[in-house]
Amino acid sequence: MSWVHFNPYTNPMDISFNKSLNNTTKHVKTVFITTITLLFVLSSMVTYAGGRPVGKRRLFISLGTSYFFNDKYSDQNKEVQKYLNNGRNQSLSASLSAEYGFSRRVSLIASVPFVSNTVKSDISSNTINTLGDGQIGMRYYIANISYRTYFSIQTNLIFPLYVNTDAVNRGYGKLGSSITLAGSGDFKLFDKGFFFETDLSTSKYFGGDAPFQATLTSSIGFSISKYYQLSLSESSAISYSITKDLNPLSPSPAKDFSSNQVTAGLSRGLGKSRSLSLSYTTFISGRNTAIGQSISLGYGFKY
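Here is the structure:
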């Protein structure tokens, strides 16, 4: 089965924008903070080979892009709030990820994300283009059941590909690490081909108030024809830090939050080694996080 599924990311990248305004009586500094939730499974829209081994000396590459939009957020009491001055956010993200198989069990993985984020309001408009948190690591396929269901463990090093400044906060800006346990497979029911995947991921950024994060993502889908597949995913993320608040007037990224999202996807196989996917993700519930929707497009191919 050849399919690629893109989900929003577990580790939100928070981008802050500072705009100083002068009038006759005071100097006003307006800061917009937008929490962008762009992958809840494999970091920053990272997608690998559908949970299956890529094969010895085989390379799987996936390219993804996502458009995210929102104009409100859920505060620390889970109450819906609007951004100041009719603030609204649009974000275009892109990712490149790869998995190379050293053997049927061991593979090298890497990913690089990019974000172009625009925040507009009645008094200002700001755009920032930045790389996100890169990742590199190893995946080990622990076992399989009849070569239809696979179990794996993955470890990643997370490293920022940007530099934060006093004026612009592009993300946590810290090194981190993550561990992911995954299970995936396929089966037949009523003469229909079904597939599933479940990922449990934990990550820890280094630093005094750096967050500890956990994400659980479950996906199920089925083939509607020889080439097309439908899928539905639910992603739940939680991040813990001693820094609890999300203050829209502060440039500090949200570190203590929770979020639940659901994704519907359509993918098309393009032969045995290529696939194309389209998905829509929407916010369900959460705390200290953005409320919005995203549309994603992905293309994957194997050498």
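Residues are numbered in the numbering used here as their position in the sequence shown, beginning at 1, plus a constant of 1377.
Ideal placement from N, C-alpha and C gives every residue a C-beta, glycine not left out.
Cβ neighbours of residue i in the same chain (closer than 6 Å, five flanking residues each side left out)
{"i": "residue 1432", "result": "1478"}
{"i": "residue 1574", "result": "1428, 1561, 1596"}
{"i": "residue 1666", "result": "1412, 1451, 1634, 1636"}
{"i": "residue 1709", "result": "Examination of residue 1709 is not possible in this model, given that the chain is present from 1378 through 1680 alone."}
{"i": "residue 1404", "result": "The predicted model places residue 1404 with a pLDDT of 30, which falls under 50 and marks its position as unreliable; any figure quoted below should be read in that light. Closer than 6 Å at Cβ, skipping near neighbours: no residue."}
{"i": "residue 1674", "result": "1442, 1655"}
{"i": "residue 1606", "result": "1380, 1598, 1600, 1644"}
{"i": "residue 1489", "result": "1473, 1511"}
{"i": "residue 1437", "result": "1426, 1431, 1476, 1679"}
Sequence-distant residues of its chain with Cβ nearer than 8 Å to residue i (five each side left out)
{"i": "residue 1498", "result": "1407, 1409, 1460, 1461, 1462, 1463, 1464, 1465"}
{"i": "residue 1455", "result": "1662, 1663, 1664"}
{"i": "residue 1457", "result": "1449, 1450, 1451, 1668"}
Contact set for residue i: own chain, Cβ-Cβ below 7 Å, skip 5 residues either direction
{"i": "residue 1671", "result": "1385, 1443, 1444, 1445, 1658"}
{"i": "residue 1514", "result": "1486, 1531, 1532, 1533, 1534"}
{"i": "residue 1619", "result": "1586"}
{"i": "residue 1519", "result": "1528, 1529, 1530"}
Cβ-Cβ distance between residue i and residue j below 8 Å
{"i": "residue 1447", "j": "residue 1669", "result": "yes"}
{"i": "residue 1649", "j": "residue 1586", "result": "no"}
{"i": "residue 1474", "j": "residue 1492", "result": "no"}
{"i": "residue 1590", "j": "residue 1557", "result": "no"}
{"i": "residue 1646", "j": "residue 1656", "result": "no"}
{"i": "residue 1476", "j": "residue 1468", "result": "no"}
{"i": "residue 1555", "j": "residue 1580", "result": "yes"}
{"i": "residue 1621", "j": "residue 1435", "result": "no"}
{"i": "residue 1441", "j": "residue 1472", "result": "yes"}
{"i": "residue 1529", "j": "residue 1517", "result": "yes"}
{"i": "residue 1616", "j": "residue 1588", "result": "yes"}
{"i": "residue 1600", "j": "residue 1640", "result": "no"}
{"i": "residue 1654", "j": "residue 1644", "result": "yes"}
{"i": "residue 1594", "j": "residue 1568", "result": "no"}
{"i": "residue 1592", "j": "residue 1608", "result": "no"}
Residue from the options with nearest C-alpha to residue i
{"i": "residue 1565", "options": "1639, 1481, 1555, 1526", "result": "1526"}
{"i": "residue 1521", "options": "1541, 1496, 1482, 1490", "result": "1482"}
{"i": "residue 1602", "options": "1583, 1584, 1571, 1578", "result": "1571"}
{"i": "residue 1660", "options": "1652, 1638, 1489", "result": "1638"}
{"i": "residue 1604", "options": "1496, 1438, 1559, 1651", "result": "1651"}
Are the region 1544-1551 and the region 1500-1509 touching, with three or more C-beta to C-beta distances below 8 Å? A contact exists between the region 1544-1551 and the region 1500-1509.
Please go through the region 1460-1514 and give each complete beta strand (DSSP E) segment of 3 or more residues, from N-terminal end onward. Runs of the beta strand (DSSP E) inside the region 1460-1514: 1465-1478, 1483-1497, 1502-1508.
Minimum length 3: unbroken beta strand (DSSP E) runs contained in the region 1624-1679: The qualifying runs are 1634-1646, 1651-1664, 1666-1679.
3-residue-minimum beta strand (DSSP E) runs that sit fully inside the region 1537-1597, ordered along the chain: Those beta strand (DSSP E) runs which fall completely within the region 1537-1597 and span 3+ residues are 1553-1566, 1569-1582.
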